[in-house]
Amino acid sequence: MAEKRTMLTIVAADGQLFEIPKDLAVNGSEVIKQMLEEMDDSDRVPIEKVDGNIMSKIVEFWKLMSDKEKSEEDLKVSTATFLGSMKYSMIIEIMIAANFMNAKSLLEASVGFFAKRIANKTPDEIREELGIQTPFLEGEIEEAMQTNKWVFLKRDGEDGPSGSAAAGRSGVSGAGGS
Numbered sequence: 078m079a080e081k082r083t084m085l086t087i088v089a090a091d092g093q094l095f096e097i098p099k100d101l102a103v104n105g106s107e108v109i110k111q112m113l114e115e116m117d118d119s120d121r122v123p124i125e126k127v128d129g130n131i132m133s134k135i136v137e138f139w140k141l142m143s144d145k146e147k148s149e150e151d152l153k154v155s156t157a158t159f160l161g162s163m164k165y166s167m168i169i170e171i172m173i174a175a176n177f178m179n180a181k182s183l184l185e186a187s188v189g190f191f192a193k194r195i196a197n198k199t200p201d202e203i204r205e206e207l208g209i210q211t212p213f214l215e216g217e218i219e220e221a222m223q224t225n226k227w228v229f230l231k232r233d234g235e236d237g238p239s240g241s242a243a244a245g246r247s248g249v250s251g252a253g254g255s
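So for the sequence shown, the numbering used here puts the first residue at 78; every next one is plus one.
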């Protein structure tokens with residue numbers, strides 16, 4: 078006979094309730110774990126900075142990760158599929174909530190997923206990928222680059238801004254391309 082799990086109700090900022098196994102929440106979030114320790118056997122935990130639509134995704138992720146039948150590789154694929162089905166704005170909200178809740182595995186997964194999507198892309202490609210329209214008029218970017226040429230200087234063997242030029246401008250030794 079299956080062991081009965083103790084349930085916990087998470088109350089999202091908008092009042093939505095999520096009843097999940099307590100161990101799932103405690104393993105998923107250090108904040109929830111600490112709140113439960115301080116609240117002495119409470120079965121309701123308010124998470125006042127996370128709305129229900131985001132909390133539902135967090136709970137879904139915790140359930141996905143708790144599948145003991147899946148191999149580590151299968152979990153990675155499931156995570157990529159889970160995050161890949163969302164808009165970037167949702168992933169960003171999840172990253173913010175995971176950071177607030179100290180939900181390390183979700184934070185690492187979402188940040189890693191997001192980073193892979195924009196890695197090795199130019200600023201224009203990133204803006205296109207994220208659907209961001211540049212706030213600059215034509216010619217303003219070139220003017221800014223010309224005005225701040227020192228930022229775009231390269232040291233031998235580097236692809237980024239010059240460390241010495243950046244350090245000289247910021248007043249911080251070693252800033253920039255190190």
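A virtual CB, placed ideally from N, CA and C, is assigned to each residue, including glycine.
Note that this is a predicted model, so its numbers are computed, not measured.
Taking Cβ to Cβ, would you say V127 is nearer than 8 Å to F190?
no
Are the segment 154-162 and the segment 179-190 touching by the rule of at least three beta carbon pairs closer than 8 Å?
yes
Does the segment 97-107 come close enough to the segment 127-139 to have 3 or more Cβ pairs within less than 8 Å?
yes
Between A174, D100, D151, S148, which lies nearest to I124 when the distance is taken from Cα to Cα?
A174
Do L101 and S143 have their C-beta atoms within less than 8 Å of each other?
yes
Could you name the residues that DSSP lists as bridge partners for R204?
DSSP lists no partner for R204.
So the candidates are T83, R121, M132; which of them puts its Cα closest to the Cα of A180?
M132
Is the beta carbon of M112 closer than 8 Å to that of I97?
no
What's the gap between the Cα of E150 and the Cα of K231?
40 Å
Please confirm whether I135 and V122 have their CB atoms less than 8 Å apart.
no
List the endpoints of the continuous beta strand (DSSP E) containing M84.
84-89
What alpha helix (DSSP H) runs, 4 residues minimum, are completely inside the segment 135-198?
149-161, 165-178, 181-195
Bounding residues of the alpha helix (DSSP H) (the contiguous stretch that carries V108)
107-116
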